[in-house]
Each structure stands twice: as structure tokens, then as C-alpha cells.
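Here the sequence shown is numbered in my numbering, starting from 17 and rising by one per residue.
Ideal placement from N, C-alpha and C gives every residue a C-beta, glycine not left out.
Okay, so here's the structure we're looking at.
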Amino acid sequence: MTPDFDLQGHNTLGLPARARFGATISQANELAPLLSEAAALGLPFRVLGGGSNVVLRPRFDGVIGLMAIAGRELLGQHGEHMLVRVGAGENWHQLVEWTIEHNLPGLENLAGIPGTLGAAPIQNIGAYGCELVERFHALVALDTDDNTLKTFTRDDCDFSYRQSVFKRTPGRFIVVSVTLALPKAWRPNLGYPGLNTLAADADAKTIMQTVVAVRNRKLPDWRQLGNAGSFFHNPIVDASVADRLAAEHPEAPRYPGADGRVKLSAAWLIERCGFKGHRHGAAGVSDQHALVVVNHGGATQQQISDLAGEIVSAVEARFGVHLVQEPELL
Ligand code: EPU
């Protein structure tokens, strides 16, 4: 373990942060000894993948494991699907490209999402009309309660919009590999605005390239302007709340949610409160997309969290809707 470990290069918001210790995890069997070492020192242990969905406090008084377990393996057919097992440290977008190159379509709508395979199931990543749950078969994770490896089926993960059993029990499970199920009878999914101009028989590579182009147009690149993607969930509200909003603002986007509820656009609510392009010191809201909180350079966690608090209060006061932060404060 390396003491006083610098995490600024390991979070896409680019926040200055250090951990008491850090270590790179290249194989699953390195985890149990590391956890024991942390426990012997009385320190908490957390894993970071790409650091693209966290807001890091300046100091983590514990051990950070940088997930770097590699490996991509085509396991073969399973009913209507091809199964691909991937190490938790693999980069998500590179995996999407690899599957397309190997004629295994199905992940193209999820192209361009920053982060690692191990992080993808935590918040059930989703974009452009597809969620991970639709391409998920199983995963293996270390249960830190008893230091054993466990297999989770799709049902065990209890996925829903930006939610899973892993998100609800932060830090308990450490994902070591993910097995994806890619459809043998693949069909393009072009329903999302921005993709519906493609030919109905567009191939997976074209869809992937289009998704990347749409993302590049709509979202700031964290390498140029630190950010953690969508900073809030799209709120899912009772139909009565959505109807009240629609009565005043018929143009407000709304999407069907589970159980007759309605998903609203957090970006729309935030923009209407005047935050798009707003700056609060070095922290700000992207002028490209109102759902993205950005670090203009030199922002601290406190400035980012203060700005997020301002946004939540303003949206609550104006629309009576409570926004929930997506990246975990660690
Ligand atoms: N909108 C605004 N102002 C803006 C941006 C968008 O009013 O500045 C409105 C527009 O009406 C637009 C609507 O919001 O039609 C939806 O915008 P967008 O298509 O960009 O999607 P989103 O709901 O804001 C979600 C995901 C994104 C994902 C996109 C595309 C969440 C929290 N975010 O954003 O995921 O890429 O859909 O599928 O569900 C992420 O999680 O980090 C992420 C980027």
C-alpha cells in the first residue's frame, strides 16, 4: 500500500483529494489480503474505478483500491445471447468498441460512457434508450462482510433506473467481473432523439459512432473540463406532481416511469432555475448541458457541494421537486 495516495488524477471532476493509503488491484485474489490489512489498521476500504461518478472529499482516511482487473473473454452462446465476461478494471467504452469489432452488437447505444466495467452495474448505467440491465447476465463480487466471492444474477442485482443492490449498500460489494449477454438476433434501437435520423437498417458501428458524436456535442469532455456526467437523477414523481408542472409548463419534458409515475428532466428544471452556465467560483454548471456540474479549474469539493446544494434548493423552491445527487460523496 502506498501512503498519502494522490487521487486528483483518479476522479473525472479533477478534485484535489488524498487517501491515507492506496493500492492497485490487478487480480481478484489481491482483494482479501488488502481488506485484512485495512481492517488490521482499523481503516475503511473503498474501490475506485474510473472515478467518474464520485465527488471526493479532500481526505479519505482509509484505503483506496484502484480497480485494474483486466480481461475480456467470449464465453459462447447461452440461449438467445452471446456471453462475454469482462474484468472489473476494463474501460467501458473500449469494451463497447471491442464487442463491435468482434461482431457482437448490443452495447452501441451505451458508447462513450466514462468509467469501468466494475462501476457500470453499481448505477445501472443507461443512455440513448438502453440500460445495462438489458445486456446484463451476471457478475462476481467480493462481499466485504465475509470476504467471500459471490455470484449475482440479474435478479439478485435488483436493478432499476440508476439503482442496484450495490448502490443501496455502498462499499459492501466489490465487483471483480461482469458477464454481459449480447443478443444473437440484434436489431438497431433508434428511438432516442438524435438517433432517429439514422437509416432503419443502420449497423451497430454507425450507431456507436453517432452516439459518440451526439455525446460530444451535448456533454463536456471531462479531460478538458472536469465533470462527473449527470450530477442529478432525473426525478421520478407522482403523476399529480407532473400534471401540476405540465399545467404551468406544457413544454416540460416528461417520460413514462415505473408504476404509473412520471420521470421529469432534471436538466430542464435546472435550466429553468437559471443555472445553465452559472459559475460559483471555480465550480459551475456546464453551458452545454444543465445537468452537468463542472470544475473550471481549482474547484474544491466544498465549492462543488455548495453549488449542488444551491441547485437542489432552487429547484425545490420553484417546482416542489427534490433532486437526488447521482455521484457518491466519498
Ligand atoms: N434539457 C434542457 N436543458 C439542457 C439539457 C437538456 O432543458 O441543458 C432537456 C431537453 O428538453 C432534453 C431533455 O432535457 O430533451 C433530456 O436531455 P438529454 O437527452 O441530454 O438526457 P438527460 O435526461 O438529461 C439522461 C442521462 C444521461 C444520458 C442521456 C441520454 C440521467 C441522470 N442522465 O440525461 O446520462 O447520457 O439521458 O440518454 O438519467 C450520466 O448519467 O452521466 C449521463 C450523461
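*Which residues mark the beginning and the end of the beta strand (DSSP E) in which P19 is found?*
Start and end: 18-22.
*Find out if the Cβ-Cβ distance for the pair N27, V63 is shorter than 8 Å.*
Not closer than 8 Å, so no.
_Only counting the same chain, and skipping five residues up and downstream in sequence, which positions put a Cβ closer than 8 Å to that of H97?_
Same-chain partners within the cutoff: H153, A197, L198, P199, K200.
*asked:* For G81, which residues in the same chain have their Cβ closer than 8 Å to its Cβ, ignoring the five residues on either side in sequence?
replied: In chain order, G38, A39, T40, I41, L47, L50, F61, R62, V63, L64, I190 place their CB closer than 8 Å to the CB of G81, counting only its own chain and leaving out the 5 sequence neighbours on each side.
*Where does the unbroken alpha helix (DSSP H) through S329 begin, and where does it stop?*
Note, S329: alpha helix (DSSP H), 317-335.
*Closer than 5 Å from C-beta to any heavy atom of ligand 1: which residues, in chain order?*
Listed by chain position, these are A143, Y144, G245, S246, N250, P269, S281, A283, W284, E287, H305, A306, L307.
*Who are the near neighbours of P121 in its chain, counting only those whose CB is closer than 6 Å to its CB and skipping five residues on each side?*
Counting only Cβ-Cβ distances below 6 Å, and skipping sequence neighbours, we find W202, A220.
*Report back the beta-carbon spacing between L29 and N243 to the nearest angstrom; my notes put them in contact at under 8 Å.*
Beta-carbon to beta-carbon, L29 and N243 are separated by about 6 Å, close enough to satisfy the 8 Å threshold.
*For the 8 Å Cβ check, are there 3 or more pairs between the stretch 166-179 and the stretch 205-225?*
Pairwise C-beta distances place the stretch 166-179 out of contact with the stretch 205-225, as fewer than three of them are shorter than 8 Å.
*Close Cβ partners of R231 (< 6 Å) along its chain, the five nearest in sequence each way excluded*: Here the set comprises G128.
_Using the Cβ count rule (16 or more neighbours within 10 Å means buried), how would you classify P272?_
Exposed, by the Cβ-count rule.
*Kindly indicate which residue of N163, G131, G92, R151 has the alpha-carbon position closest to the one of S52.*
It is N163 whose Cα lies nearest to the Cα of S52.
*Taking 8 Å as the cut-off, decide whether the C-beta atoms of A44 and L165 are in contact.*
The answer is yes: Cβ separation under 8 Å.
*asked:* Short of 7 Å in beta carbon distance, which residues of its chain neighbour H109, apart from the five on each side in sequence? Order them along the chain.
replied: Excluding residues up to 5 positions away in sequence, A127, G128, I129 lie with their Cβ nearer than 7 Å to the Cβ of H109 in the same chain.
*Round the Cβ separation of L307 and I320 to the nearest angstrom and send it over; I've been treating them as touching at under 8 Å.*
Taking C-beta atoms under 8 Å as the contact rule, L307 and I320 fail to qualify, at a distance of about 14 Å.
*Roughly how far, in whole angstroms, is the beta-carbon of A136 from the beta-carbon of G105, given that I think they are within contact range, below 8 Å?*
Going by Cβ atoms, the distance from A136 to G105 rounds to 12 Å, so no, they are not a contact pair.
*Quick one: using the 10 Å Cβ neighbour count with 16 as the cut-off for buried, is S246 buried or exposed?*
Counting Cβ neighbours within 10 Å, S246 comes out buried, since at least 16 surround it.
*Can you give me the Cβ contacts of Y208 inside the same chain, cut-off strictly under 6 Å, excluding the 5 residues immediately before and after it?*
Excluding residues up to 5 positions away in sequence, Y144, G145 lie with their Cβ nearer than 6 Å to the Cβ of Y208 in the same chain.
_Which of the three DSSP states is assigned to K292 in this structure?_
Of the three classes helix, strand and coil, the one that applies to K292 here is coil, per DSSP.
*asked:* Measuring only the C-alpha atoms, how far is G103 from I327?
replied: Their backbone Cα atoms lie some 37 Å apart in a straight line.
_Using 8 Å as the threshold, is the C-beta distance between R73 and Q317 below it?_
Contact flag set, yes.
*Cβ-Cβ separation, R36 to V100 (assumed contact under 8 Å), whole Å*: Your pair V100 and R36 does not check out as a contact, with CB atoms roughly 36 Å apart and the cut at 8 Å.
*P251 and V337 look like a contact to me (Cβ under 8 Å); what is the Cβ gap, rounded to whole Å?*
Right, the Cβ-Cβ distance comes to about 5 Å (below 8 Å), so this counts as a contact.
*Look up K234 in the DSSP assignment and say whether it is helix, strand or coil.*
In the structure shown, K234 sits in a helix (DSSP, three-state: H, G or I).
*Starting from the C-beta of T222, find all residues in its chain whose C-beta is less than 7 Å away, skip the five residues before and the five after it, and write them out in chain order.*
Spatial neighbours of T222 in its own chain (CB-CB distance under 7 Å, excluding positions within 5 residues in sequence) are listed in chain order as L214.
*If you draw a straight line from the alpha carbon of R75 to that of C289, how long is it in whole angstroms?*
Computed Cα separation, rounded: 33 Å.
*Where G92 and T169 are concerned, what is the direct C-alpha to C-alpha distance, given to the nearest angstrom?*
Between G92 and T169, the C-alpha separation is close to 18 Å.
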